Amino acid sequence: MALEPYIDAHSHIWTPDVAHYPLAKGFTVADMQPRSFTAEELLAHCRPAGVGRVNLIQMSYYEFDNSYMLDMIKLYPDRFVGTGIVDPLAPKPDEAMRALLPKGVRAFRIAPNFSKQPPAHWLEPAGYAAMFAAAAETKQALSCLINPDGFPEVDRMCTQFPRTTVIIDHLGRIGVDGTIKPEEVDALCALAKHPKVLVKVGAFYALGKKKAPYLDLAPLIRSVVQAFGAKRCMWETDCPFQVDRDKYSDSIDLIRTGLDFLTPEDREWMLTRTAEQTLFQPLG
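The sequence shown begins at 1 in the UniProt record's numbering and counts up by one.
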């Protein structure tokens, strides 16, 4: 049976079964909002919207224990790949990356909170250099959860490791404070000079006016697509947070029908082909 055609490049899952999948230190059941968002619950949201495959993002509730995500990839190998998290401050994070490759982990989330450094220095720990070097060999991507103040470090590391695929999550979180700042848009678009940098276009519920149909984000998205090209942009929802207040279809419809500057080919790349080529191809 053919899967639904679209790919969601970014969604989280977790389970209320904390006995089998314990939460990381510092997290409690009260932090899990909603209480449950399992793989099956995600599929119930995405499949009616035409989304048959999803890149799962390791949830912070589990920190470096990727077990639930890995088990769901194993259970639904045609549906899911994963973006895991390894500790950049632990010994040999590059070896941890390689060990997760045959288990369907196609990328790794990196962020200042894992390096315990301010944004201006967030990629300085030696573990991140090891991860960038390993990713250039394995073809796994490094997926950045950062604000615009983290862009300069990405620029530095992409200059040093030009063969490493780097993804900017959530449009670089531009507009998370409600305001789309032109200088931040310019800074994100400047990263397009690195051919291996891609952008996830999504988390619309959290940016700008934060209200469907999200048309206030059109100038930002247009600038990003013009700078990077649609072949380096992939759509994402950031579920379950997308469906906490808005609908799953609100997110995909912005790309599928809502932006008149996108060509049919642009939509095909952003909704399917970019994520397929970056995250769903055999690696190694």
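From the three backbone atoms N, C-alpha and C, an ideal C-beta is built for every residue, glycine too.
None of the values given here were measured: they were computed from a predicted structure.
Coarse secondary structure for residue i, derived from DSSP in three states
i           : result
G178        : coil
L217        : helix
E276        : helix
H194        : coil
V201        : strand
D8          : strand
E236        : strand
G208        : coil
T159        : helix
L142        : strand
N113        : helix
F80         : strand
residue 318 : What is shown of the chain runs 1 to 284, which leaves residue 318 out entirely.
W269        : helix
L56         : strand
A30         : helix
A49         : helix
I252        : helix
Nearest-angstrom Cβ-Cβ length linking residue i and residue j, presumed shorter than 8 angstroms
i    : j    : result
D169 : L198 : Not confirmed; about 10 angstroms, so no contact.
S60  : T237 : That pair is no contact at about 17 angstroms.
L188 : V224 : 7 angstroms
A275 : N55  : 6 angstroms
Counted within 10 angstroms of its Cβ, other Cβ atoms place residue i as buried (16 or more) or exposed
i           : result
residue 358 : Given that the chain is displayed from residue 1 to residue 284, the structure contains no residue 358 and the question cannot be resolved.
N66         : buried
K200        : buried
V105        : buried
N113        : exposed
T179        : exposed
Q281        : exposed
H121        : exposed
F261        : exposed
V185        : buried
D244        : exposed
D177        : exposed
E183        : exposed
T263        : exposed
R163        : exposed
P118        : exposed
A19         : exposed
T28         : exposed
P93         : buried
Spatially closest choice to residue i from the options, by CA coordinates
i    : options                : result
P16  : G84, Y62, D155, F114   : Y62
S143 : L220, K196, R98, I255  : K196
L191 : K25, P148, P88         : P148
S115 : L100, L89, A130, F108  : L89
Q160 : E184, I221, A130       : A130
S251 : T272, M97, P213        : P213
Q140 : V166, Q242, A2, E40    : V166
A39  : A24, L23, L70          : L70
G26  : Q277, I57, V154, F64   : F64
V81  : D8, C233, R273         : D8
R273 : D253, L254, W235, Q242 : W235
Residue i to residue j span [Cα, whole Å]
i           : j    : result
E124        : I85  : 18 angstroms
residue 285 : M72  : The chain is shown from 1 up to 284; residue 285 falls before or after that span and cannot be answered.
T257        : A126 : 44 angstroms
D266        : Y6   : 13 angstroms
H194        : G50  : 32 angstroms
R156        : S36  : 39 angstroms
I13         : L279 : 18 angstroms
L43         : G52  : 8 angstroms
Y68         : M32  : 15 angstroms
E137        : P240 : 32 angstroms
K74         : K103 : 8 angstroms
R79         : W269 : 18 angstroms
A2          : L259 : 28 angstroms
R98         : P77  : 19 angstroms
A30         : A24  : 13 angstroms
L217        : L207 : 8 angstroms
D87         : F132 : 13 angstroms
V154        : L101 : 23 angstroms
S249        : P91  : 42 angstroms
C233        : I174 : 15 angstroms
I255        : T83  : 23 angstroms
D253        : K181 : 25 angstroms
E95         : A134 : 8 angstroms
Distance cut-off 7 angstroms: residue i Cβ against heavy atoms of the ligand COA
i   : result
F80 : For the structure depicted, the ligand COA is absent and the ligand set is empty, with no information on it obtainable.
Within-8 angstroms CB hit, residue i to chain D
i    : result
V224 : Within the model displayed, chain D is absent; a lone protein chain is all it includes.
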